[in-house]
């Protein structure tokens, strides 16, 4: 994509077109001349690891195709501008639904089960079925986008790593990702593998079922996070109590 096309599509990067912001930079909604809606991720000038993540995302997503992964339409590189252009997801990200009292009432039990299964299929593709064998390393609610039919799409591959050959795990001195979703061995000493993503998926599953965030979870009777709380309930044969009460009405 050339810069002028994206500039016009986003109304010259209008503040009113901003639909999100992350460590990489702002995300804009845009409309191409064909009428197609797009999401434009624009690299912030002061993003520390942004250029590395940009390259990583272009290299990886261009080689991946699955209905549960967000589709990369292209990129734009002009001068010091770096942008990634994706298919637009009208229902925003999963965190918008499950952590908002009004919005999560719109997600029935069937919706949530279908979302969990879709994320699982996308993750299985990354770990086993794609040619590259990829570990995402930042699976979380805000990185799961929902299309018009609430089909989940795993997004943001800036921190992902290719895992080839007979390697089962590796170690890094630079731990990246999101606390609350990180596997203990990764957060503590930088050891990561496909199991790290599976741990993050487990946290995500619990958040989808409960409608609560793992990190920052508060309970009057103990100091545990959501994982610890769920484990306590499980040990007392009260596991169903972790379910979102809104589900009782749906």
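Residue numbers (UniProt numbering): 1 to 250.
Note that the Cβ used here is the ideal one computed from N, Cα and C, for glycine as well.
None of the values given here were measured: they were computed from a predicted structure.
Can you find the residues in the same chain that come closer than 6 Å, C-beta to C-beta, to residue i, ignoring five residues on each side of it along the sequence?
i, result
"residue 70", "86, 145, 153, 155"
"residue 75", "58, 84"
"residue 78", "3"
"residue 61", "72, 157"
"residue 199", "183"
According to DSSP, simplified to helix, strand and coil, what is residue i?
i, result
"residue 214", "coil"
"residue 151", "coil"
"residue 79", "coil"
"residue 10", "coil"
"residue 180", "coil"
"residue 222", "strand"
"residue 54", "helix"
"residue 42", "strand"
"residue 27", "strand"
"residue 121", "helix"
Please report the Cβ distance between residue i and residue j, rounded to the nearest whole angstrom; I am assuming they are in contact, meaning their Cβ atoms lie under 8 Å.
i, j, result
"residue 244", "residue 216", "Actually they are not in contact, since the Cβ atoms of residue 244 and residue 216 sit about 17 Å apart, beyond 8 Å."
"residue 206", "residue 226", "6 Å"
"residue 150", "residue 111", "6 Å"
"residue 175", "residue 159", "Not really, about 10 Å apart at Cβ, beyond 8 Å."
Whose CA, out of the options, lies closest to the CA of residue i?
i, options, result
"residue 132", "56, 16, 19", "56"
"residue 50", "11, 104, 231, 157", "157"
"residue 23", "224, 9, 42, 17", "42"
"residue 141", "89, 127, 213", "213"
"residue 231", "66, 202, 67", "202"
"residue 196", "60, 204, 182, 9", "182"
"residue 97", "180, 161, 21, 208", "208"
"residue 67", "17, 124, 39", "124"
"residue 81", "6, 163, 89, 139", "6"
"residue 147", "100, 103, 130, 92", "92"
"residue 64", "186, 162, 105", "162"
Taking 8 Å as the limit between beta carbons, can you name the residues of its chain near residue i, skipping five residues before and five after?
i, result
"residue 172", "190, 192"
"residue 44", "24, 25, 26, 50"
"residue 15", "none"
Can you find the residues in the same chain that come closer than 7 Å, C-beta to C-beta, to residue i, ignoring five residues on each side of it along the sequence?
i, result
"residue 219", "229"
"residue 126", "134, 136"
"residue 169", "191, 192, 193"
"residue 73", "38, 85, 86, 87"
"residue 178", "138, 140"
"residue 121", "68"
Inset, instruction - Taking 8 Å as the threshold, find out whether the region 115-122 comes into contact with the region 33-44 through three or more Cβ pairs. - result: No, the region 115-122 is not in contact with the region 33-44.
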